[in-house]
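So for the sequence shown, the working numbering puts the first residue at 15; every next one is plus one. Where a beta carbon is used, it is the ideal one built from N, C-alpha and C, also for glycine. Predicted model, so just to flag it, every value in this text is computed and none were measured.
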Amino acid sequence: MTNIEKKLVDVIQSKIDYIFVAIIAVVGFVIRYNLLDATNGDIGGHLLPWYEQIKANGGIFGGLSQPIYSIGGLECNYSFAYQFCIAIMTELPLDPVHAYKILSCIFDYLNAVAAAYIVSLIIKDNKKWYRLICFSIVLIHPVVFINSAFWGQCDGIYTFFLLLTFVGIIKENNILTFVGYGFAIAFKLQAVFFLPFLLFYWFYSKRYSLLHFIISFVTMLACNIPAFLQGRTLKEAITIYAGNSSLYESISSNYPSFWLIMFSNEMDAEQYAWLKPSLILVAISAIAVHMIIWIKKNVVLKNEFILYMAFLSIYTAVMFMPEMHDRYGYVYEMLALIIVFVNIKTAIPYILMMITTMQIYGPYLFRTEINLFMLAIINVVAYVAYCALIYKRFSVATTEQCS
């Protein structure tokens, strides 16, 4: 090896971590760039019609002044905050499909940073490399880049704000916690799946007041100001959320939930109407059972365990609630990836979880055929495995604390 080669190798070795991150960031960019022109039913049937109508109505200065509709006549069920993002897109010299996807991809990178930061807050050893690996996996994760760069969806946006909410909890920064949650709710109703954990944490930790939720409400209202200034009302904003909650009148909307092991999506509408309240009560009860166990076991409020509890509360809600959509697991899937770095024993259930997620994306995007019954079984097995591993970790920690 020549002296020049040695010096070059020495420089590379001394900066290998930064070089690694830079390479992955570029690879993530190339992956997403290659998918910018990909289209699907959501883009053609919903996103593009919304874009054109908002642009025709005046863009930033009028685009939100009246309801917008999909091709089939369905009123837009995305929040005013997201509609304002679309209005901003209409003012940019970008292809509309590219604009949607660029927005979502920006949040992929923000989520990678947030997830890596959470890993660094929880683990004690090898923080630097675990953080870098977590950052890298998020950027090249198929579920992440398919959701944003192929599908053009915005799940990464509200997920980022929920990760900020979680960071606020760990750092005991109540302003960050509730501002983050306000932004999350403002962008997507599905952020409500984090609410049971926030209420539990209020009750169990006594670290914040119920009055802090006013911060979230004010933040959410602030995100709606552009729409309010253009003549829209709070009632209309709430109606959008109400419309989301009644959009899918079936046991499942392509999510492999617990109920698909027992019932069929082809169930008679009247039968489903009878069952729905009971299924919701079971979901609430399942979440409550977890929380009562945590209280009775006196689970220590260390960062690792806070992560486990947040993850299980969201996973349980999506697993047992009816009418869940195929993308509703996005937040708990991101938390599950973080958990792999905290507890490597969860790698196997995480793989099972990813198998189900990548499968359920198939029918809508790629017209593949799947067996939701079998995927529901796999998902339930993954859920049970997570419960077993996490509760074992709680028990070990309790024993160590007592001794």
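Secondary structure note for residue 352: its alpha helix (DSSP H) is the uninterrupted segment 344-356. Annotation: residue 155 is outside any alpha helix (DSSP H) and is labelled neither H nor E by DSSP.
Where residue 46 is concerned, the enclosing alpha helix (DSSP H) starts and stops at 30-48. Proximity to residue 283 across 265, 179, 26, 298 peaks at 265, based on C-alpha coordinates.
Between the C-alpha atoms of residue 248 and residue 242 there is a straight-line separation of about 8 Å. Rounded to whole angstroms, the gap between the alpha carbons of residue 212 and residue 395 is 26 Å. Contact between residue 370 and residue 389 is confirmed by a C-beta separation of about 5 Å, below the 8 Å threshold. Straight-line measurement puts the Cα of residue 273 at about 46 Å from the Cα of residue 75. The straight-line gap separating the alpha-carbon atoms of residue 157 and residue 346 is approximately 13 Å. Comparing alpha-carbon positions, the option among 381, 312, 175 lying closest to residue 123 turns out to be 175. Contact between the segment 317-327 and the segment 87-102 is absent: fewer than 3 CB-CB pairs across the two stretches fall below 8 Å.
Counting along the chain, residue 119 sits inside the alpha helix (DSSP H) bounded by residues 110-136. Taking residue 60 as the centre and dropping the five residues before and after it, the same chain places the C-beta of 84 closer than 6 Å to its C-beta, in chain order.
Taking C-beta atoms under 8 Å as the contact rule, residue 181 and residue 132 qualify, at a distance of about 6 Å. In terms of Cα proximity to residue 166, the closest of 401, 341, 398 is 341. Rounded to the nearest angstrom, the gap between the Cα atoms of residue 287 and residue 269 is 19 Å.
Note that the segment 106-116 does not touch the segment 140-160; fewer than 3 beta-carbon pairs, one per stretch, sit closer than 8 Å.
Its Cα nearest to that of residue 380, the residue 54 stands out among 54, 28, 404, 113. The beta carbons of residue 128 and residue 177 sit closer together than 8 Å.
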